[in-house]
Structures are given as C-alpha cells and as structure tokens.
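A short worksheet on the structure shown next.
Number of protein chains: 2
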Amino acid sequence: MALAEAILVCLTERPMSGYDLAKNFDASIGFFWRASHQQIYRELGRLREKGYVLSEEVSQNGKPNRIIHTLTPAGKKALRDWSTKPAKHPSLKDDLLVKFYALENVDLDALKDQMTIRIEQHQTKLVKYVRIKERYYDGKDLDLTQKGKLIVLEQGILQESQTIERLEDMMVKLGNL
Amino acid sequence: MALAEAILVCLTERPMSGYDLAKNFDASIGFFWRASHQQIYRELGRLREKGYVLSEEVSQNGKPNRIIHTLTPAGKKALRDWSTKPAKHPSLKDDLLVKFYALENVDLDALKDQMTIRIEQHQTKLVKYVRIKERYYDGKDLDLTQKGKLIVLEQGILQESQTIERLEDMMVKLGNL
DNA sequence: GGCAACATGTAACTTGTTACATGATTCC
DNA sequence: GGAATCATGTAACAAGTTACATGTTGCC
Chain A
37 MALAEAILVC LTERPMSGYD LAKNFDASIG FFWRASHQQI YRELGRLREK GYVLSEEVSQ
97 NGKPNRIIHT LTPAGKKALR DWSTKPAKHP SLKDDLLVKF YALENVDLDA LKDQMTIRIE
157 QHQTKLVKYV RIKERYYDGK DLDLTQKGKL IVLEQGILQE SQTIERLEDM MVKLGNL
Chain B
37 MALAEAILVC LTERPMSGYD LAKNFDASIG FFWRASHQQI YRELGRLREK GYVLSEEVSQ
97 NGKPNRIIHT LTPAGKKALR DWSTKPAKHP SLKDDLLVKF YALENVDLDA LKDQMTIRIE
157 QHQTKLVKYV RIKERYYDGK DLDLTQKGKL IVLEQGILQE SQTIERLEDM MVKLGNL
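Right, dumping it as structure tokens:
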C-alpha cells in the first residue's frame, strides 16, 4: 500500500494540510497516484497514530482552522525503508480495452465516442505537463529532488503523446472494420 | 465496476468455469484487467443472482466437478448496455514513479534495481504478446471479435515496447545524476 | 512420495468510491 | 443572492488482497 508513502513523499516537500494534499493528488503526484480527499484524511489519521506525521491545528484569521501535517524523522525513515522494497507492478484496469475484446457484443458508435473523449483527456494532460515543465523546470538549476520530478514529468509527456498516437491508430482501425 | 463486465466479455467467447476464467484473467484479458480467482468466484455468484449467467455443474470422469457458467441473453444485453456508458479513466498507480518524486529520501541503488526488474517484466510481456499474435492472428481470416482482440494486442505490443524505451531512458538519467 | 496442475471456495482485512454533512469567505 | 473555493470530516458500501481450506489426478 503506497498511499501512505505517497502522502509522506508529498510532505517531504513541505508541511501541508489534508486539503493541500488532496489538491496535490489532483495535480502533481496525482498524475501517477490518484486518491480522494476521504482516503487522504483516513490515511493521515493512521500516519499520525504511527508517529510518521505530526498534526498541529493552526488558526487563520477568518478562514476555518487548518491542520498542518509535518513529516517526522520516523516518517522519513519509513519512507526510505519503503523505497528499498520491490515496487509492485502497476495495476492496470481499462474499461475501454475490455470493450474492444467483444466487439460483436458492443455498440460500435458509442465506443468511437468514448475513444474520442479518451483522446481529448490525454491531450489535456499532455498540455498540463508541458506547461508545468516550461514554467518550473526549463532553464533552471535543479537539486536532486527536482531532477527526479523532472524525470517523471518528461516520462509523462512522452507517455501521453505516445498514448494519443496509439489511440488515434485504434480509431482508424475501428473505422476501417 | 467492470469486473462483472470483463467476466461477461470472456463468456461471450464460450461457457467457462471459474477456474478457466481465472486463467483467462492471467492471460488474455488480464493484460488490461487483472483479477484474482477469489474475486472472480465472488463476482460469479452475483452474476448468477442477477441472471446474467447460468451455472451448471458438470461431472468429469475422475477429475473434480466443474461449474460451467454460460452467458444468458440478459447478460448479453447488460453487456451491450454497459458498452454505451462512458469509459472511466484507467486507474493509474505506480509505486516506482512515486519513488522518483522524493529522490533525496530514497535509496538510489535500490531504485535502480527496481527499474531493472520492471524493464524485464515489460520485456516478458512483450514477448508473450508477440507470440500470441504470431500464433493466433497472423495470416488468418478474422471475424469482428477477433479483429477487436487483434487491435488490442497490437496496441499492447506497441505500448510495451514504448514503455521499455521510456524506462531505459529514465535509467540513463538516473545514472547521470 | 512429492510436486504441479486441476478445481472451488470462505474469512478477514485493506483500499477505494459515493454520498452525506457542515460552515466560512470571496467574487460576480 | 448564488456559486466557487476553502476546510474537514463520517458512514456505508464496493472492490481488491492475503491467508486459509480441501481434495483430486498425473507425472517424475
């Protein structure tokens, strides 16, 4: 289970509230590990119990109070330990490909529409990644952590553009049946 | 939830036992939808209750009895209905990329080892796909369903080889830090 | 005799999703 | 006045994992 670790990874950057984390999981780290705010709050509770994070309430003028979670030395150690354990193969589950597996029992027009939507989703992602790269990484001096993030970002950019190409190819094949 | 539908899709091909389905989820359809035998048996129970499959015990000489599940017309209809509903974005969760996100808090040598293993896993998959294509699809006359499977298979082959390239590129970058 | 493959399941637990619940501030 | 964003959570349920449980046949 790497949700715990994904949260710890986020907190290496800076202490954050559950809300901040949820936004992060919608943006940066969420590009390859998605989690809802409910999951994050539940997991934060467990991390607190284990002593991997320290949670402190901070009052803000006007706005509701925030609870800021800070990575503890124990949390940092847990993260390093986890990093040495073998990575699991990523879980793959794709509706769309399942549908291709029984073309005779499927609505082909609906499938084409879904392909179009899927392609657009990947294009949106691609644009997002490229913008982030240009804004935060291009032409900057980077430390080790930033270099790691850049590697992932560049791999994401490649992956998205290749995925789009493959989906477009599938669309053509679907049209020529 | 598409596990139910993935099972129904498998059963369009031919009636099968839970054991057969589990093997299928280890091989063909499992390339983009993984499920354990426990999940499959549980789901088969539900599909039976809904009337989407018909389950009949068949005795075999010597071997333990098998329970053969057949897709019903209601199941076929459910499948077509499902096919028109929007596909979900595939769930992405990748340990390995999470680890890249906090390079300073991670064991770099261990990470490299994990990358090597990951690359090998994709190579194994690639070989498997290519063999299946050669053995069952190349130079054959194909019906609609087989054509759909071939499309997925070819997209899988491309995906795997591109993934291997990207991972190798990441390895090089990791070495040059 | 032992191991792999065949064959089907239950139980306990962890993860992930959907819906509900509340309340403040800021911008239009 | 209404919508969006900020901010935190609970409850119920669905899906996925791990461990347990049992018994056969066929091959070496």
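Residue numbers (my numbering), protein chains in the order written: chain A, 37 to 213; chain B, 37 to 213.
Glycine included, each C-beta is placed from N, C-alpha and C at the ideal position.
On a predicted model such as this, the values are computed, not experimentally measured, just so you know.
Same chain, Cβ closer than 7 Å to residue i, neighbours up to 5 away in sequence not counted
i         : result
B:Ala-58  : His-73, Ile-76
A:Gln-159 : Ile-200
Residue j beta carbon less than 8 Å from that of residue i
i         : j         : result
A:Ile-193 : B:Phe-136 : no
B:Thr-48  : A:Asn-141 : yes
A:Phe-68  : B:Val-134 : yes
A:Glu-92  : A:Asn-101 : no
B:Leu-147 : A:Ser-53  : no
A:Ala-123 : B:Asp-174 : no
A:Glu-204 : A:Ile-155 : yes
B:Leu-139 : A:Lys-183 : yes
A:Pro-51  : A:Ile-103 : no
A:Lys-169 : A:Leu-189 : yes
A:Pro-126 : B:Lys-161 : no
B:Gln-96  : A:Gln-198 : no
Backbone secondary structure at residue i - three-state DSSP
i         : result
A:Leu-4   : Beyond the ends of chain A as shown, which are 37 and 213, falls residue 4 of chain A; an answer cannot be given.
A:Met-52  : strand
B:Ser-95  : coil
A:Arg-70  : coil
B:Lys-176 : coil
B:Lys-59  : helix
B:Leu-139 : helix
B:Lys-185 : helix
A:Leu-128 : coil
Residues of its chain near residue i, where Cβ-Cβ distance is below 6 Å and the 5 sequence neighbours each way are ignored
i         : result
B:Asp-117 : none
B:Ala-71  : Leu-39, Phe-61
A:Ala-63  : none
A:Ala-114 : Tyr-88
B:Leu-213 : none
Cutoff 8 Å; reference residue i; Cβ partners in own chain excluding five residues on either side
i         : result
A:Ile-65  : Ala-42, Val-45, Cys-46
A:Leu-210 : Leu-144, Leu-147, Lys-148, Met-151
B:Arg-171 : none
B:Leu-83  : Ala-40, Ile-43, Leu-44, Val-89, His-105, Gly-111
A:Tyr-165 : Phe-67, Leu-189, Gly-192, Ile-193, Glu-196
A:Met-37  : none
A:Leu-80  : Ile-43, Gly-54, Leu-57, Val-89, Ser-91, His-105
C-beta neighbour in chain B for residue i, strict 8 Å
i         : result
A:Ser-72  : no
A:Val-45  : yes
A:Asp-131 : yes
A:Phe-61  : no
A:Ala-58  : no
A:Met-206 : yes
A:Thr-108 : no
A:Ala-114 : no
A:Val-96  : Position check: residue 96 of chain A holds Gln in this sequence, whereas Val was assumed. A:Gln-96 does not count as touching chain B.
A:Lys-169 : no
A:Lys-86  : no
A:Leu-32  : Residue 32 of chain A lies beyond the stretch modelled for chain A, which goes from 37 to 213, so this question has no answer here.
A:Asn-101 : no
A:Glu-196 : no
A:Val-142 : yes
A:Val-188 : yes
Test: residue i CB closer than 8 Å to a CB of chain A
i         : result
B:Glu-41  : yes
B:Gly-211 : no
B:Lys-124 : yes
B:Gly-175 : no
B:Lys-148 : no
B:Thr-160 : no
B:Gln-75  : no
B:Glu-156 : no
B:Thr-181 : yes
B:Gly-184 : yes
B:Ile-193 : no
B:Ile-200 : no
B:Thr-120 : yes
B:Tyr-137 : yes
B:Thr-48  : yes
N-terminal and C-terminal residue of the alpha helix (DSSP H) that residue i is part of
i         : result
A:His-158 : 144–172
A:Glu-85  : 73–86
B:Arg-116 : 109–120
The ligand SAM heavy atom lying under 7 Å from the CB of residue i
i        : result
A:Ala-40 : What this structure holds is no ligand at all, so the ligand SAM is not there to describe.
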